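Okay, so the sequence shown: first residue is -5 according to the numbering used here, each after it adds one.
Cβ coordinates follow ideal geometry from the N, Cα and C atoms, glycine included.
Quick caveat: nothing in here was measured; it's all calculated off a predicted structure.
One structure below.
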Amino acid sequence: MQYAAINGELVQLAAAVVPVTDHGFLYGLGLFETLRTYQGVPYLLERHLDRMASGCAELGIPFTVTAAEVTDWISRLMQANRIEDAYVRYTVSAGEAPLGLPSGDYTDPTHIVLAKALPAPSPALYETGKVLQRLSTPRNTPESRVRFKSLHYMNSILAKRELNGYGQQDQRLLGAEGLQLTQDGYAAEGIVSNVFWVRENILYTPSLSTGILPGITRGVVMEIAAEQGIVCMEKQSPWEELWQADEIFLTGSVAELVPVTTLRNLDGTETTISSGQIGPVTAGLLRMYREKAGYTS
-5 MQYAAINGEL VQLAAAVVPV TDHGFLYGLG LFETLRTYQG VPYLLERHLD
45 RMASGCAELG IPFTVTAAEV TDWISRLMQA NRIEDAYVRY TVSAGEAPLG
95 LPSGDYTDPT HIVLAKALPA PSPALYETGK VLQRLSTPRN TPESRVRFKS
145 LHYMNSILAK RELNGYGQQD QRLLGAEGLQ LTQDGYAAEG IVSNVFWVRE
195 NILYTPSLST GILPGITRGV VMEIAAEQGI VCMEKQSPWE ELWQADEIFL
245 TGSVAELVPV TTLRNLDGTE TTISSGQIGP VTAGLLRMYR EKAGYTS
């Protein structure tokens, strides 16, 4: 990755800087979206921008860019970095403002796009899945009515540090995802993913009332389930309920749908899900998701 796009202009990565008085740096006042491309085209970009625009409006950050503009930025950035398909991070920082908490709306936000090559997908990951480790770091409550995908990412970083500690004790956990619970003990979300599980042919996922991010892929999976006549219920569920699941999977814009085949508790006890293989419901939803995205292997 040699170049970044700053306000639509390509710059060398080493020269891609923001001022120290940018409130994204000083106070975490900014939002970001992560997405991927399929055959060079950013997938579900309009949905990502809608979520970005909604958050910016609540934070007093003007957001007037169009999907066509962002698509152009991503395309030129991928070309400059010689990337065929990319993991893209699009950040909107509040911009420069006087030191101190803001008293009004911002006027000049900074738009930053970074793109790196997507790693080759691992067939084994989508066949035998990964470990989902329960974490003791609770999910913090949302900044507002609905969680922002904000630059204030400390809760997730602390959760990742906890997960890394388990990986140092057991190398099998180096590729695991961590699941955070709410303060009340309800399953919330992974560090970088939403979670679903299947029990007796019903699909479940934590409700937004648990304070989770309303994930873009999460929403698409729920739409696909409805199209296929699969009942999907959003609810508040204790961690123990996942231990009774027939299938579990994680969703994210870059990873798509990843099966979970091992649950691991804080004390190291484990249980195997779906006989250690991707389950039929997960496999079907993954296939249909990829068809919508135009994925070709």
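ask   = According to the neighbour-count rule (16 or more other Cβ atoms, all chains shown, within 10 Å of its Cβ), is T15 buried or exposed?
value = exposed
query = Can I293 and I0 be called in contact, C-beta distance under 9 Å?
reply = Because the chain spans -5 through 291 in this model, residue 293 falls outside it and cannot be assessed.
query = How many angstroms separate the CA atom of F243 from the CA atom of A91?
reply = 42 Å
request  = Would you kindly work out how many angstroms separate the C-alpha atoms of P103 and V12, rounded to a whole number?
outcome  = 11 Å
ask   = Are the beta-carbon atoms of A181 and P200 separated by less than 9 Å?
value = yes
task = Return the chain-ordered ranges of every alpha helix (DSSP H) run that is complete within the segment 236 to 264 and spans a minimum of 4 residues.
result = none
ask   = Is the beta carbon of T276 sitting closer than 9 Å to the one on E241?
value = yes
Backbone secondary structure at I106 - three-state DSSP = strand
Run of the beta strand (DSSP E) containing L126, from where it starts to where it stops = K124 to R128
task = Tell me S87's beta-bridge partners as DSSP assigns them.
result = G24 and T104
message = Assuming G278 is part of the alpha helix (DSSP H), what are its boundary residues?
response = P274 to A287
ask   = Pick from D44, M72 and N75: whose alpha carbon is nearest that of A61?
value = D44
key: G184, DSSP secondary structure in three states   = strand
ask   = Between the Cα of R76 and the Cα atoms of G161, T58 and L112, which residue gives the shortest distance?
value = L112
ask   = When we look at the beta-carbon of G262 and count the other beta-carbons within 10 Å, is it buried (16 or more) or exposed?
value = exposed
Nearest-angstrom Cα separation, counted from V189 out to S231 = 12 Å
query = Is the CB-CB distance between L39 and V64 below 9 Å?
reply = yes
task = Could you tell me how far apart the beta carbons of L207 and R141 are, in whole angstroms, since I believe they sit closer than 8 Å?
result = 5 Å
query = What span of residues does the beta strand (DSSP E) with G172 cover, start to end?
reply = E171 to L175
key: DSSP bridge partner residues for E3 (one or two, in chain order)   = I0
inquiry  = Tell me which residues share the same chain as V125 and place their Cβ nearer than 7 Å to its Cβ, disregarding the 5 neighbours each side in the sequence.
reply    = R166, L167, A170, T256 and R258
message = Spatial neighbours of I55 within its chain, please: C-beta separation below 7 Å, excluding the five flanking residues on both sides.
response = V86, A88, Y100 and P103
ask   = CB-CB under 8 Å to S130, same chain, minus the five flanking residues each way: which ones, in chain order?
value = E156 and L260
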